[in-house]
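Participant: Numbering (the numbering used here), first residue to last: 13 to 326.
We put the CB at the ideal spot given by N, CA and C, even for glycine.
There's a structure below that I have some questions on.
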Ligand SMILES: [Zn+2]
Ligand SMILES: [Zn+2]
């Protein structure tokens, strides 16, 4: 699969996403302001809007932003979700769409354009349900689960988790040519949002930063990335490289509502089922995991290297 003419939308630097953010009438998220834990959610008296609302970043997932919002309000997450009429036992990235999301934006004083990337992706997933239902990572309790690029996290002006880090197929960071991490490398904790940072293990120890592990408090940006290029060696085969690139193209297809293959031309999103059936998308949560690739023994003879990197004859 190759992406359509608009390929490249998601090829913009993950780390550059914050550069698109605007200060939408609220104060930027800053956990250092949030010491009034337990206070009622504050609203400005004139407009009945929440005050001190963190600015959503262009690609930020709502589940991540709600985590930052609870922090900015000094409220516990359950209280915030009740206030915004969001069921606590739902995949919020998938469910918070349309009029309900519009209500949340109004209460928070956000422009209608906020979260438009996520809305578009989720509408695409809904349009091809049940095919699209398994594209998003969740934990055992069906809560939103994320991977992350340690280099992107480090370079973000406002640390956040973009929605494409929730897609199982988005396995590789094209900006930094590394695989995404699945868990905190220090304690193995997965990245789950929305999370009540205050009551997390790290939060109770005083670490309220979203770019830190909420289990052990380790900096997520402090981990050495699993780069695919080591010297003049490539750690992935030709086939794996193609599947990784298709995972990136999947996001472009979902955003634009179509994709392109050299064999069939332009197709609508229902064609993704065939692409997945052919094994042309990253499949299974553990395929090409960082642990797998780090422990990989790279072929050490010139002949095997050539075979490893050559396009097979189909
Ligand atoms: Zn990156
Ligand atoms: Zn940890």
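On the criterion of 16 or more Cβ atoms from any shown chain inside 10 Å, does residue 310 qualify as buried, or is it exposed?
Facilitator: To locate residue 310, count along the chain shown from 1; it is residue 298. Classification for residue 310: exposed.
Participant: In its own chain, which residues sit with a C-beta less than 7 Å from the C-beta of residue 241, not counting the 5 before and 5 after it?
Facilitator: Residue mapping note: residue 241 aligns to position 229 of the chain shown, counting from 1. For residue 241, where only same-chain residues beyond five positions count, the Cβ hits under 7 Å are 189.
Participant: Which of the three DSSP states is assigned to residue 197 in this structure?
Facilitator: Stepping through the chain shown from its first residue, residue 197 is reached at position 185. Looking at residue 197 - three-state DSSP - the assignment turns out to be coil, as it is neither helix nor strand.
Participant: Any heavy atom of ligand 1 closer than 7 Å to the CB of residue 193?
Facilitator: For this step, residue 193 is matched to residue 181 along the chain shown. No, Cβ of residue 193 sits at least 7 Å from all heavy atoms of ligand 1.
Participant: Closer than 7 Å: is that where the CB of residue 164 sits relative to any heavy atom of ligand 1?
Facilitator: Counting from 1 along the chain shown, the entry for residue 164 is found at position 152. The nearest non-hydrogen atom of ligand 1 is less than 7 Å from the C-beta of residue 164.
Participant: Residue 195: buried (16+ other C-beta within 10 angstroms of its C-beta) or exposed?
Facilitator: Numbered from its first residue, the chain shown carries residue 195 at position 183. Under this definition residue 195 is a buried residue.
Participant: On the CB-based measure, 16 or more other CB atoms within 10 Å of its CB, does residue 318 come out buried or exposed?
Facilitator: Position 306 of the chain shown, counted from the first residue, corresponds to residue 318. Residue 318 should be labelled exposed.
Participant: Listed in chain order, which residues are found with a beta carbon closer than 5 Å to a heavy atom of ligand 2?
Facilitator: In chain order, the hits are 196, 198, 199, 201, 225, 227, 228 and 230.
Participant: Could you work out which residue in 122, 116 and 252 is closest to residue 93 when comparing CA atoms only?
Facilitator: Position 81 of the chain shown, counted from the first residue, corresponds to residue 93. Nearest of 122, 116 and 252 to residue 93, Cα basis: 116.
Participant: Pick out the complete alpha helix (DSSP H) segments inside the region 178-231, 4 residues or longer, and give them in chain order.
Facilitator: 213-216
Participant: Round the Cβ separation of residue 109 and residue 134 to the nearest angstrom and send it over; I've been treating them as touching at under 8 Å.
Facilitator: Counted from its first residue, the chain shown places residue 109 at position 97. Counted from its first residue, the chain shown places residue 134 at position 122. For residue 109 against residue 134, the beta-carbon gap comes to about 6 Å, under 8 Å, which counts as contact.
Participant: Measure how close the beta-carbons of residue 305 and residue 193 come, nearest whole angstrom, since I'm counting them as under 8 Å.
Facilitator: Reading the chain shown from its first residue, position 293 is the one you call residue 305. Reading the chain shown from its first residue, position 181 is the one you call residue 193. Not a contact, Cβ separation roughly 11 Å.
Participant: Taking the alpha-carbon of residue 153 as reference, which of 204, 61 and 80 has the nearest alpha-carbon?
Facilitator: Position 141 of the chain shown, counted from the first residue, corresponds to residue 153. Taking only the C-alpha atoms, the option nearest residue 153 is 204.
Participant: Can you tell which of 259, 222, 164 and 176 has the C-alpha that lies nearest to the C-alpha of residue 299?
Facilitator: On the chain shown, residue 299 is found 287 positions in, with the first residue counted as 1. Here the closest residue by C-alpha is 259.
Participant: Would a C-beta distance cut-off of 8 Å place residue 148 and residue 179 closer than the cut-off?
Facilitator: Against the chain shown, residue 148 aligns to sequence position 136. Against the chain shown, residue 179 aligns to sequence position 167. In contact: residue 148 and residue 179 (Cβ atoms closer than 8 Å).
Participant: With contact counted as at least three CB pairs below 8 Å, one residue from each stretch, are the region 204-215 and the region 73-90 in contact?
Facilitator: yes
Participant: Ignore the nearest five residues each way along the sequence and tell me which others in residue 130's own chain have a CB closer than 8 Å to its CB.
Facilitator: Residue numbering aside, residue 130 sits at position 118 when the chain shown is read from its first letter. Closer than 8 Å at Cβ, skipping near neighbours: 71, 72, 73, 74, 105 and 175.
Participant: Alpha carbon to alpha carbon, how far is residue 294 from residue 123?
Facilitator: One-based indexing of the chain shown puts residue 294 at position 282. One-based indexing of the chain shown puts residue 123 at position 111. Cα to Cα, residue 294 sits roughly 35 Å from residue 123.
Participant: Ignore the nearest five residues each way along the sequence and tell me which others in residue 111's own chain have a CB closer than 8 Å to its CB.
Facilitator: On the chain shown, position 99 is the one that residue 111 refers to. Once the five neighbours on either side are set aside, residue 111 has no close Cβ partner at all.
Participant: Classify residue 264 as buried or exposed, calling it buried when 16 or more other Cβ atoms lie within 10 Å of its own Cβ.
Facilitator: Start at 1 with the first residue of the chain shown, and residue 264 comes out as number 252. Residue 264 comes out buried.
Participant: On the CB-based measure, 16 or more other CB atoms within 10 Å of its CB, does residue 236 come out buried or exposed?
Facilitator: Your numbering for residue 236 matches position 224 in the chain shown. Result: exposed.
Participant: At which residues does the alpha helix (DSSP H) containing residue 79 begin and terminate?
Facilitator: Within the chain shown, residue 79 is the residue found at index 67, counting from 1. That run of the alpha helix (DSSP H) goes 74-85.
Participant: What residue range is occupied by the uninterrupted alpha helix (DSSP H) comprising residue 287?
Facilitator: One-based indexing of the chain shown puts residue 287 at position 275. Under the DSSP assignment, residue 287 falls in the alpha helix (DSSP H) whose first and last residues are 284-289.
Participant: Smallest Cα separation from residue 125: which of 232, 215, 69 and 234?
Facilitator: By one-based count along the chain shown, residue 125 stands at place 113. The option with the nearest alpha carbon to residue 125 is 69.
Participant: Could you give the distance in angstroms between the alpha-carbon of residue 307 and the alpha-carbon of residue 297?
Facilitator: Along the chain shown, one-based indexing puts residue 307 at 295. Along the chain shown, one-based indexing puts residue 297 at 285. Spanning the two alpha carbons is a distance of roughly 17 Å.
Participant: Do you know offhand how far residue 320's Cα is from residue 244's?
Facilitator: Along the chain shown, one-based indexing puts residue 320 at 308. Along the chain shown, one-based indexing puts residue 244 at 232. Pairing residue 320 with residue 244, the inter-Cα distance amounts to about 14 Å.
Participant: For ligand 1, is there a heavy atom less than 7 Å away from the beta-carbon of residue 67?
Facilitator: Counting from one through the chain shown, the residue named residue 67 turns up at place 55. Incorrect: residue 67 has no Cβ contact closer than 7 Å to ligand 1.
Participant: Grab the span of the beta strand (DSSP E) containing residue 131 for me, first residue to last.
Facilitator: Locating residue 131 in the chain shown gives position 119, counting from the first residue. Segment 128-139 is the alpha helix (DSSP H) holding residue 131; no beta strand (DSSP E) there.
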